[in-house]
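Heads up: take any position in the sequence shown, counting from 1, add 212, and you land on our numbering.
All C-beta atoms, glycine included, are put in the ideal place defined by N, C-alpha and C.
The structure displayed is predicted, hence computed values, not measured ones.
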Amino acid sequence: MPSLSLQEAATATAVCAAVALLGSAFFLAFFFSQNITRGSCSPSFWLDKLCVNQAEPSLKEIAIASFPVFLSQSSQMLVLWDEEYFGRLWCNLELAAFASSGHAPQKMQFVPAWLAPWLLASICTDMISVSLLRVVWNTWTAETIATVVAACTLWLSNHGLASSQISVLLSWTLMVGVGSVSYYVTALPTVVSTLMKVQRHGGMLEQMAQFDIREASCKVEADRTIVEEKIGELFEAGFALTPKGGGPPVPLESPYCTPLLQDMESRLAGRDPLESFNAYVRGPLRDIVLDKVGSERHVPYHLALASTLPMILYALVDLLSCSGMSCQDAAESMKSRSLLHFALTLSAFWLVNILLIFPVVPPILFGLLGFVCSITSSTGLRLLLGTQCIFLLFTYAFLSSGLVFGLLVLTASGEVQWLAPLLLVVALLGTQLHVTFWRSRQHQR
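Pasting the structure below:
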C-alpha cells in the first residue's frame with residue numbers, strides 16, 4: 213500500500229505551509245486592504261442615502277430632481293447586484309438617471325452578489341486540494357506508477373506500439389494525473405458553491421428579462437409617484453442613447469449612430485416612458501451584464517484565473533523548491549541536459565497549466581451543472597451527478613497536464629521528434645480555451 217516516508221512528509225508539510233502563507237497574504241489584502249491603506253487608494257463614491265434628505269418631502273423632491281446632475285459628474289456607476297436590486301424603485305431611479313446623463317451602458321459596473329461567496333469558496337476548496345497535491349504525488353510512488361506503465365507497455369507491445377519514449381510519456385502522464393485525487397476530496401463543497409452560483413445568477417438574469425418598473429417596491433409609498441414621474445421624464449421619447457465607446461449622445465440621423473442604437477431609439481420612441489425604461493433594462497442593460505459578467509453557465513477568463521490562485525501559488529513554490537528536491541536530482545529525474553533546461557521545462561509546464569488548462573474548469577463545470585439542473589430538480593441527484601462531473605473534469609484536467617509534462621520532458625531531453633506532438637497538444641488546449649470563453653460568450657449574446 214502506498215505510504216509516505218518521513219522526508220516526503222516533511223517536504224509535503226513545507227509545501228503546504230508555503231502555499232498557506234502566500235494564500236494568507238491574499239486573504240489579508242482581500243478583507244483588510246482598505247484598512248491597511250487607510251482608503252488612500254480607494255475611489256470616491258456618491259451615496260444617495262447619505263445625500264438625500266429622508267425626512268423633509270420638499271428637500272427630498274429637490275434632491276431627486278438633481279440626481280442626473282450628481283450622476284453626470286461620476287465616471288462610472290458601481291451596481292452591487294443582488295436578487296432585490298431591480299425590485300427597489302430608488303435603485304431604478306439611479307439607473308435611469310445615470311443612463312440619461314450621457315454615459316454609455318458600458319460605464320455601469322455590475323458586481324453580482326454571488327461573486328464574492330463563489331470566488332472565496334473556490335479559492336478555499338482549491339487551497340485544500342492544492343495542499344494535498346504533494347501528499348498525493350508522494351504517496352503514489354514511482355514503483356506504483358511503474359507497475360501500471362508496465363501493464364500498459366505490455367498491451368502496446370502486443371500491438372507493436374511500445375517504445376521507451378512512450379513508456380516515459382505514460383509514466384509522467386500518470387504521475388501528474390493522479391494529482392486529480394486531491395480534488396476528489398473537495399468535490400462536494402465545490403458542487404454546492406457552484407450550484408448556488410448557477411441558480412442565483414440564472415434567477416437574477418431571468419429577473420432582468422422579465423423586468424417591470426411598476427412592480428418595484430418603495431418603502432415610503434408616497435415616494436412612488438415622484439420617483440416614477442422622474443423616471444418617466446428621463447425616458448421620454450427624446451432619451452438620447454450613446455455609442456458603445458462612450459462620448460456624448462448622438463442624434464438619430466448622425467452617421468456615428470449605429471444600426472443597433474437606431475433600432476433601440478425607434479423602439480423607445482412613442483412608448484410610455486416607463487415601458488421605455490423596461491425595454492432598456494430587458495435589452496441593452498441586460499446585454500451589458502451578459503457581456504461583463506456572463507450567463508449563469510459562463511464566467512469571464514480573469515475570474516476563472518483568479519479562482520485558481522492557490523494553483524498559481526503552488527506553481528511558484530514548486531518552481532522555487534525544484535519540486536521539493538535538490539535541483540540537480542530534479543533535473544536528473546527529468547533527464548534534462550542542464551539545470552537551465554530543467555528550469556525552462558518546469559516553467560513552461562506551469563505556464564500551460566495556469567493559462568490554458570485549469571482556467572477552463574469553472575466554465576465547463578458551470579455548463580455541466582447547468583445541464584444537470586435542467587434535467588432534474590432533486591437536490592440529492594444534483595449533488596451526486598455534480599460530484600461525478602467534478603471527478604471526470606479534474607481527471608481530464610490533470611491527465612492533460614501530465615500529457616503536456618511528458619511531452620515537454622521528452623522534447624527537453626533531446627527527442628526533437630516529440631516537438632510536433634507537443635505543439636499540437638498546446639494548440640488544441642488553446643483552441644479549447646478560445647471555444648470555452650470567447651466563442652461561448654459570443655453565442656450567449
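Tell me whether the beta-carbon of residue i lies closer than 9 Å to the beta-carbon of residue j.
i, j, result
"Trp446", "Pro329", "Sequence inspection shows Leu at residue 446; the Trp mentioned does not correspond to that position. Going by C-beta atoms, Leu446 is not nearer than 9 Å to Pro329."
"Leu622", "Val380", "yes"
"Val342", "Ser383", "no"
"Glu306", "Leu283", "yes"
"Thr406", "Leu581", "yes"
"Phe578", "His510", "yes"
"Ala624", "Phe554", "yes"
"Trp289", "Met339", "First, the amino acid is wrong: residue 289 is Met here, not Trp. No."
"Leu344", "Val397", "yes"
"Ile566", "Ile500", "no"
"Arg436", "Leu240", "no"
"Gly618", "Ala428", "no"
"Ala309", "Phe489", "no"
"Leu634", "Leu620", "yes"
Leaving out the 5 sequence neighbours to the left and right, which residues in its chain are closer than 8 Å to residue i when beta-carbon positions are compared?
i, result
"Val564", "Ser613, Val616, Val638 and Leu641"
"Leu400", "Leu595 and Thr599"
"Gln182", "Shown here, the chain extends from 213 to 657; a query on residue 182 therefore has no answer."
"Thr607", "Gly389 and Ser392"
"Ile276", "Val264, Leu305, Ile438, Val439 and Lys442"
"Leu331", "Leu515, Ala518 and Ser519"
"Trp562", "Ala527, Asp530 and Leu531"
Assign residue i to one of two classes, buried (16 or more other C-beta atoms within 10 Å of its C-beta) or exposed (fewer than that).
i, result
"Met537", "exposed"
"Gly389", "buried"
"Phe583", "exposed"
"Lys409", "buried"
"Arg426", "exposed"
"Ser650", "The sequence shown places Trp at residue 650, not Ser. Looking at its Cβ environment, which holds fewer than 16 other Cβ atoms inside 10 Å, Trp650 is exposed."
"Leu386", "buried"
"Ala237", "exposed"
"Val505", "buried"
"Thr643", "exposed"
"Glu296", "exposed"
"Glu662", "Given that the chain is displayed from residue 213 to residue 657, the structure contains no residue 662 and the question cannot be resolved."
"Arg412", "buried"
"Ser548", "buried"
"Arg311", "According to the sequence displayed, residue 311 carries Ala and not Arg. Buried is the call here."
For residue i, which residues from the same chain have a beta carbon less than 6 Å from its beta carbon, with the 5 sequence-adjacent residues on both sides left out?
i, result
"Ala325", "Asp294"
"Ser478", "Confidence at Ser478 is low in this model, with a pLDDT of 46, below 50, so its placement is unreliable and the value that follows should be read with caution. Closer than 6 Å at Cβ, skipping near neighbours: no residue."
"Leu472", "Note that Leu472 scores a pLDDT of 42, beneath 50, so its modelled location is shaky; the value from the coordinates is reported in the next line. Same-chain partners within the cutoff: there are none."
"Cys534", "Ala542"
In chain order, what residues of the same chain have a beta carbon less than 7 Å from the beta carbon of residue i, not counting five sequence neighbours either side?
i, result
"Glu627", "Gln377"
"Ile335", "Ser519, Leu521 and Pro522"
"Arg494", "Met420, Ala421 and Phe423"
"Gly444", "Pro485 and Leu486"
"Phe610", "Val388, Gly389, Gly391 and Ser392"
"Phe603", "Tyr396 and Ala399"
Checklist entry - Taking three-plus beta-carbon pairs below 8 Å as touching, is the region 555 to 563 in contact with the region 522 to 532? => result yes
Checklist entry - What runs of the beta strand (DSSP E), each 3 residues or longer, lie entirely inside the region 281 to 361? => result 289 to 293 and 320 to 324
Checklist entry - What are the complete alpha helix (DSSP H) segments, minimum 4 residues, inside the region 540 to 620? => result 551 to 564 and 573 to 587
Next on the checklist: I'd like the ranges of any beta strand (DSSP E) spanning at least 3 consecutive residues and lying wholly in the region 412 to 451.
Outcome noted: none
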